[in-house]
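Accompanying notes for the structure given below.
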Amino acid sequence: MSEVRDELKYTEEHEWVLLHADDTATIGITDYAQSSLGDLVFVELPEEGTTFDQNEEMAVVESVKAASEIYAPLSCEVLEVNKEVEEAPELLNNHPYDDAWIARIKITDKKELEDLMSADDYKDMLEGLV
Amino acid sequence: MTDLKRTFLTDQHNNLAAKLVPFAGYFMPVQYSSMIEEHNWVRKHAGLFDISHMGIIRIEGPQAAQILENLCPLNTQNISNHQCKYSFILNEHAGVEDDIIVTKESENSFIIVLNAGCKEKDISLIKEQITDGQTQLSYFEDAPLIALQGPEAVSVFESCYQTDLSSLKFMQATFLQLNGKQAFVSRTGYTGEDGLEIALLHYPTEDDIVEIWQQLLKHTEVKPIGLGARDTLRLEAGLALYGQDLTTDITPIEASLSWAIDNTNTVFNGRNIIEEQKSEGVKRKRVGLKLTDKGMLREGYKVFTTAHEPAGIISSGGYCPTTGESIAQAYIDAAYLTHSEFYIEIRKKMVKAEKHPLRFYSAKKN
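Protein chains in written order, with the numbering used here: chain A, 1 to 130; chain B, 131 to 496.
Right, dumping it as structure tokens:
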């Protein structure tokens with residue numbers, strides 16, 4: 001069973017969002033996402049300072065078999081990307097919630113926070129997928 | 131998923147917690163643990179694959195040799211008994227309908243292994259050629275087929291079945307009794323390693339193949355390997371995948387497989403086109419590419435010259451676990467075959483790749 005952490009928010013595209021007090025957030029891909037994709041071998045991250053609309057493609061992760069897009073969970077500006085996952089994509093398989101965060105973002109439209117799922121809702125969604 | 135076919139080993143895959151995916155109409159294991167770990171295991175030890183989705187037929191009778199020579203660029207007189215030959219079923223344009231392994235049992239009898247996605251078509255192409263009412267095509271429809279591949283594969287098999295395979299050379303086949311059942315065993319594979327492919331042809335039961343599968347897996351050198359690693363293993367070894375690197379529009383000459391054509395056969399389908407391409411050259415050719423920038427090469431990506439002229443397309447690409455690089459097979463236009471550097475368009479960006487021999491990995495000879 002995939003790990004789902006209570007303190008995080010989630011999207012239907014299997015991204016997690018950790019909200020901070022100053023309207024910033026840290027984002028990544030969920031344990032379910034890394035496990036379905038299999039061994040990750042390449043990650044393409046956005047430039048710092050780039051802005052994205054909600055659901056716009058912002059990064060790509062590639063497994064042995066295929067490339068998968070990561071969509072912006074919220075409209076945002078990228079403050080920082082995690083260079084370590086570019087160097088070592090397997091971090092995403094080993095520690096999807098800790099070391100292998102993907103980006104820190106500044107949230108540009110707080111109304112969109114309503115679109116994110118709670119951990120319980122995400123767990124329900126995963127059960128529906130099995 | 132109810133319309134997908136199972137193999138006799140599907141329950142075994144489920145017991146091993148394999149991830150099963152639809153493949154060529156079958157429910158097949160794509161991985162058991164991690165594709166990269168499985169790939170590396172086969173390069174060092176021995177991997178066991180269920181490849182029962184592939185087709186096995188026997189063609190025997192007075193017309194058998196002639197039919198093969200009509201469809202395939204091989205000469206049965208130049209193949210010894212028990213020898214396996216890599217060949218193709220060609221259409222009249224010399225396009226590849228399938229790439230196959232033909233094993234000669236005798237002057238009038240041949241066993242052929244066919245790709246899963248082509249087997250029905252291949253069988254009708256062969257049947258159309260039978261006109262004497264005596265030559266027979268037998269389709270071993272549910273025949274289980276497994277592959278044991280890797281540097282330790284043959285020694286594990288020898289100790290498992292108390293047999294000596296030193297006289298079975300690469301690309302030879304034989305019949306062996308395994309647990310009292312006759313098995314067709316060939317020293318062939320699709321991984322770039324030494325190894326065996328094992329089929330039960332005559333009235334096989336699930337118990338027969340499960341017994342062999344479990345006996346082999348009891349050896350600590352052997353792990354089950356999914357089709358995901360099979361693909362990265364064959365890509366590193368420069369082997370063509372039917373449906374991507376070979377299609378009905380591609381000739382063996384274009385695919386850089388002219389070594390597999392026996393010129394002493396003067397009657398096979400598309401021979402005039404093969405001769406023309408050999409003397410006048412081809413419009414495109416299959417080559418290897420290695421990415422020198424960051425990224426991952428994938429099927430369908432466009433190839434350009436360093437001056438940004440369209441130069442071809444990638445037919446197979448991905449990750450090379452042995453070196454950690456991204457590699458590919460690509461069809462490059464003849465005009466640019468002398469170039470050593472190319473650009474690949476990935477998500478609207480141009481990244482650099484260099485030409486490389488198709489074979490990225492060669493097994494160490496024992």
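Even for Gly, the Cβ is constructed at its ideal location relative to N, Cα and C.
Beta-carbon proximity of residue i to residue j, cut-off 8 angstroms
| i | j | result |
| --- | --- | --- |
| Thr-137(B) | Pro-274(B) | yes |
| Glu-429(B) | Ser-409(B) | no |
| Thr-26(A) | Lys-106(A) | no |
| Thr-422(B) | Asn-221(B) | no |
| Leu-363(B) | Thr-318(B) | no |
| Glu-48(A) | Leu-79(A) | yes |
Assigned exposure category for residue i - 16 Cβ within 10 Å defines buried
| i | result |
| --- | --- |
| Gly-411(B) | exposed |
| Ser-492(B) | exposed |
| Ala-283(B) | buried |
| Asp-229(B) | buried |
| His-20(A) | exposed |
| Pro-96(A) | buried |
| Arg-489(B) | exposed |
| Met-333(B) | The displayed chain sequence assigns Tyr, not Met, to residue 333(B). Classification for Tyr-333(B): exposed. |
| His-130(B) | Missing from the structure shown is residue 130(B); chain B here goes from 131 to 496 and no further. |
| Gln-307(B) | exposed |
| Ser-470(B) | exposed |
Which of helix, strand or coil DSSP assigns to residue i
| i | result |
| --- | --- |
| Ile-404(B) | helix |
| Val-4(A) | coil |
| Val-412(B) | coil |
| His-486(B) | strand |
| Gly-28(A) | strand |
| Gln-213(B) | strand |
| Phe-434(B) | strand |
| Tyr-156(B) | strand |
| Gly-177(B) | strand |
Span separating the alpha-carbon of residue i from that of residue j
| i | j | result |
| --- | --- | --- |
| Met-131(B) | Leu-129(A) | Confidence is the limiting factor: at Met-131(B) the pLDDT is only 46, short of 50, which leaves the residue's position unreliable and the question unanswerable from this model. |
| Asn-170(B) | Tyr-449(B) | 13 angstroms |
| Arg-104(A) | Pro-152(B) | 38 angstroms |
| Ser-68(A) | Glu-114(A) | 25 angstroms |
| Leu-330(B) | Ile-187(B) | 12 angstroms |
| Asn-393(B) | Ile-383(B) | 12 angstroms |
| Ala-176(B) | Gly-38(A) | 22 angstroms |
| Ala-119(A) | Glu-127(A) | 12 angstroms |
| Val-340(B) | His-143(B) | 11 angstroms |
| Ile-231(B) | Ala-72(A) | 49 angstroms |
| Phe-398(B) | Gly-225(B) | 12 angstroms |
| Glu-439(B) | Val-81(A) | 34 angstroms |
| Ile-189(B) | Val-243(B) | 11 angstroms |
| Gly-356(B) | Arg-477(B) | 29 angstroms |
| Pro-203(B) | Glu-56(A) | 52 angstroms |
| Gln-292(B) | Glu-168(B) | 27 angstroms |
| Gln-266(B) | Pro-192(B) | 9 angstroms |
| Thr-335(B) | Gly-185(B) | 17 angstroms |
### Query
What residues in the stretch 15 to 48 of chain A have a beta carbon less than 7 angstroms from any beta carbon of chain B?
Gly-38, Asp-39, Val-41, Phe-42
### Query
Taking any Cβ of chain A, which residues in the stretch 415 to 437 of chain B have a Cβ under 9 angstroms from it, in chain order?
Lys-424, Gly-425, Met-426, Arg-428
### Message
Short of 7 angstroms Cβ to Cβ, which residues in the stretch 146 to 178 of chain B face chain A?
### Response
Gln-161, Ser-164, Met-165, Ile-166
### Positions along the stretch 62 to 80 of chain A whose CB lies within less than 9 angstroms of some CB in chain B
Glu-62, Ser-63, Val-64, Lys-65, Ala-66, Ala-67
### Residues, ordered as in the chain, of the stretch 439 to 460 of chain B that lie near chain D by beta-carbon distance below 7 angstroms
No chain D is present in this structure, whose protein chains are A and B.
### Task
Output, in sequence order along the chain, the residues in the stretch 343 to 365 of chain B whose CB is closer than 9 angstroms to any CB in chain A.
Gly-358, Ala-359, Asp-361, Thr-362
### Query
Residues in the stretch 466 to 479 of chain B with C-beta within 8 angstroms of chain A's C-beta atoms, listed in sequence order?
Arg-477
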